[in-house]
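Numbering (this note's numbering), first residue to last: 12 to 271. From the three backbone atoms N, C-alpha and C, an ideal C-beta is built for every residue, glycine too. Take a look at the structure below.
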């Protein structure tokens, strides 16, 4: 077995480990190969469990402390406290069902989200040593899940958004996110600045990473506290999963954060 090869972010400081998985390392096969820990996309359960254990060893945490929510392109967030891990497994699963943002201030816990073209956003509140991982597909982006997640952090931890730091992880780029008129109209109806986020070629293209960066600024983050990975999953499918290239029956990138 090969250890998972992670794309590490160093923007949050030494008290945090923030990362995105790549396709390399692990035991998954075919369109899930090699590294996938998402059980909602059709991969083999034994391979997923083996990969979870490999990731836990790499992160230096217990395997059960890797939290992978069942995402539904909504805006709901959940708080993961130490007490969560004393609950029966079926209750833990219920808590993170239909959830697109996960936050915690517990050390040794990895909260993260799964993507394969959608935009993962990591948030870190140094003052309260708290973190949140957000799944922002186009529907979540239209519904402003990033702003709602920051509001949830403010209510839960007392987070001051002007001191918050963010990482926008691997996702599909403007060049490759071609959409129909109906998707363009959804963004327009939600009062996005379409001149800033869209361009017309043969069809409309929308810049999802930029949409989320602008939302972070709207929420009060300083531009210098926002880091863009600049990784397009569609262009870099050899290293990152892309549902547009591979179909939905393929693996998922896991973008996570561990508080030390």
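Residue i classed as buried or exposed, judged by whether at least 16 other C-beta atoms fall within 10 angstroms
i	result
residue 186	exposed
residue 58	buried
residue 116	buried
residue 65	buried
residue 226	buried
residue 214	exposed
residue 261	buried
Beta carbon of residue i nearer than 7 Å to that of residue j
i	j	result
residue 237	residue 141	no
residue 31	residue 151	no
residue 219	residue 258	no
residue 123	residue 144	yes
residue 86	residue 130	no
residue 147	residue 206	no
residue 175	residue 133	no
residue 161	residue 172	yes
residue 37	residue 45	yes
residue 111	residue 255	no
Segment limits, beta strand (DSSP E) that includes residue i
i	result
residue 126	121 to 126
residue 15	That residue, residue 15, is in no beta strand (DSSP E); it is neither H nor E in DSSP.
residue 10	The question about residue 10 has no answer here: the residues shown for the chain are numbered 12 through 271.
residue 151	First-last for residue 151: 149 to 153, but that is the alpha helix (DSSP H), not the beta strand (DSSP E).
Residue i CB to nearest heavy atom of the ligand MN below 6 Å
i	result
residue 169	Of the ligands one can find in the structure shown there are none, so the ligand MN has no counterpart to examine.
Limits of the unbroken alpha helix (DSSP H) element including residue i
i	result
residue 59	56 to 70
Of all the alpha helix (DSSP H) runs that stay within the bounds of the segment 80 to 146, which reach a length of 4 or more residues? Entirely contained in the segment 80 to 146, the alpha helix (DSSP H) runs reaching 4 residues are, in chain order, 100 to 106.
For a minimum of 4 consecutive residues, which ranges assigned as the alpha helix (DSSP H) are wholly contained in the segment 158 to 210? List check, alpha helix (DSSP H) in window: 192 to 200, 205 to 208.
Could I get the ranges of all uninterrupted alpha helix (DSSP H) runs contained in the segment 218 to 263, with 4 residues as the minimum, in chain order? DSSP runs (the alpha helix (DSSP H)) wholly in the segment 218 to 263: 219 to 229, 254 to 257.
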